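Here is the structure we will look at.
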Amino acid sequence: MELTCLSPTDSLYPPALRSCLAEQTPARVAALGNLEILGERKLALFCSVKCPGDLILKTYDAARALRDAGVTVIGGFHSPMEKECLAMLLRGRQPIIICPARGLEEMRLPAEWKKPLDDGRLLLLSPFGEKDRRINARLASRRNEFVAALADEILVAYAEAGGKTERFCRRALEWKKLLFVFESKEREESLVAGAEVTSVEGLIERSGRFTSCLKPTG
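According to the working numbering, the residues represented by the sequence shown are 1260 to 1477, in order.
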């Protein structure tokens, strides 16, 4: 499967990147996989590295429910909780967009990504070039903003108070993105002001309109 590079003048280049990122709009976006997924409504998933126990259970339940409901999920899938959610989502049939915090050139793809790619339900996107081969904090921060800009709505499983996830979420709210968080005993410390508190059931009900229209090829 060949890598595709999109420039801001290409018809498939997501207009949300220009409207949200403004002068930081990527000059190119590398893509591997089914570009039709870009046209799907997308729910972004984020979680801080540390996640309280009650929210771990709710996030597991949410990932399973999003998978079963056919919701297109986008994320970097880098933190431990995000990785667990990706593993669950890969076992479904709905589209997924993975945005690594590095260039796609010379990237070794995990074996479990091959079938979803072949089935046309997985898309890899990156605003980084060939020289960006190692993930670091700067690239991860830019990647998170890239994901948030592309998303129609955002689920923040947990944002540690004063952490990078919370700071980035505040910027997403400035872009008028709808942010969801789960109600929790940790809520007062982790809740991002301006986010909508929801349950797993409420999230799925709200995300029903996100159900993919793509037909898996596998």
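The beta carbon of each residue, even a glycine, is placed where N, CA and C say it ideally should be.
Only a predicted model underlies this, so the values are computations on that prediction, with no experimental measurement involved.
Three-state secondary structure assigned by DSSP to Glu-1460: Here residue 1460 corresponds to residue number 201 of the sequence shown, with the count starting at 1. Correct three-state label for Glu-1460: helix.
C-beta contact flag for Leu-1291 and Leu-1349 at 8 Å: Working through the sequence shown from its first residue, we reach residue 1291 at position 32. Working through the sequence shown from its first residue, we reach residue 1349 at position 90. Contact: no.
Alpha-carbon to alpha-carbon, Lys-1444 and Ile-1357: For the purposes of this step, residue 1357 is taken as residue 98 along the sequence shown, with counting starting at 1. For the purposes of this step, residue 1444 is taken as residue 185 along the sequence shown, with counting starting at 1. Spanning the two alpha carbons is a distance of roughly 30 Å.
Residue range of the beta strand (DSSP E) that includes Ser-1385: If you number the sequence shown from 1, residue 1385 lands on position 126. Note, Ser-1385: beta strand (DSSP E), 1381-1385.
Rounded Cβ spacing between Leu-1280 and Ala-1408 (contact assumed at less than 8 Å): The sequence position of residue 1280 within the sequence shown is 21, counting from 1. The sequence position of residue 1408 within the sequence shown is 149, counting from 1. Indeed, because the Cβ distance is near 5 Å, the residues count as touching under 8 Å.
Buried versus exposed call for Gly-1298 [16 or more other C-beta atoms within 10 Å across all chains shown]: Mapped onto the sequence shown, residue 1298 falls at position 39. The residue in question, Gly-1298, is exposed, as its Cβ has fewer than 16 Cβ neighbours within 10 Å.
Ala-1410 - DSSP class collapsed to helix/strand/coil: Position 151 of the sequence shown holds residue 1410. Coil at Ala-1410, not helix or strand.
Inter-residue Cα distance where the pair is Leu-1276 and Leu-1438: The count along the sequence shown starts at 1 and reaches residue 1276 at position 17. The count along the sequence shown starts at 1 and reaches residue 1438 at position 179. The straight-line gap from Cα to Cα measures roughly 18 Å.
Segment contact, 8 Å Cβ cut-off, at least three pairs: the stretch 1334-1345 with the stretch 1307-1319: yes
Neighbourhood of Leu-1314 by C-beta, 7 Å cutoff - its chain only, sequence neighbours within 5 removed: Taking the first residue of the sequence shown as position 1, residue 1314 is located at position 55. If we look at Leu-1314 and ignore the five residues flanking it on each side, its Cβ neighbours are Ala-1416, Tyr-1417, Phe-1441, Ser-1443 and Glu-1445.
Whether Ser-1385 touches Ala-1321 by CB criterion (8 Å): Locating residue 1385 in the sequence shown gives position 126, where the first residue counts as 1. Locating residue 1321 in the sequence shown gives position 62, where the first residue counts as 1. Contact: no.
Integer-rounded CB distance, given that Met-1347 should sit under 8 Å from Arg-1380: Residue 1380 sits at position 121 when you count from the first residue of the sequence shown. Residue 1347 sits at position 88 when you count from the first residue of the sequence shown. Actually they are not in contact, since the Cβ atoms of Arg-1380 and Met-1347 sit about 14 Å apart, beyond 8 Å.
Alpha-carbon to alpha-carbon, Glu-1295 and Tyr-1272: Looking up residue 1272 in the sequence shown gives position 13. Looking up residue 1295 in the sequence shown gives position 36. Roughly 12 Å between the two C-alpha positions.
Host alpha helix (DSSP H) of Ala-1321 (start-end): Taking the first residue of the sequence shown as 1, we reach residue 1321 at position 62. Taken as a continuous stretch (DSSP letters only), the alpha helix (DSSP H) holding Ala-1321 covers 1312-1328.
Given Val-1330 as reference, the closest of Tyr-1319, Arg-1352, Lys-1317 and Leu-1316 once Cα atoms are compared: In the sequence shown, residue 1330 corresponds to position 71, counting from 1. For Val-1330, the nearest C-alpha among the options comes from Arg-1352.
For Ser-1449, three-class secondary structure by DSSP: Locating residue 1449 in the sequence shown gives position 190, counting from the first residue. Confidence at Ser-1449 is low in this model, with a pLDDT of 48, below 50, so its placement is unreliable and no value can be given for it.
DSSP-derived helix/strand/coil call for Thr-1331: Mapped onto the sequence shown, residue 1331 falls at position 72. Coil at Thr-1331, not helix or strand.
Contact test: Leu-1348 Cβ vs the ligand NAD heavy atom, cutoff 7 Å: For the structure depicted, the ligand NAD is absent and the ligand set is empty, with no information on it obtainable.
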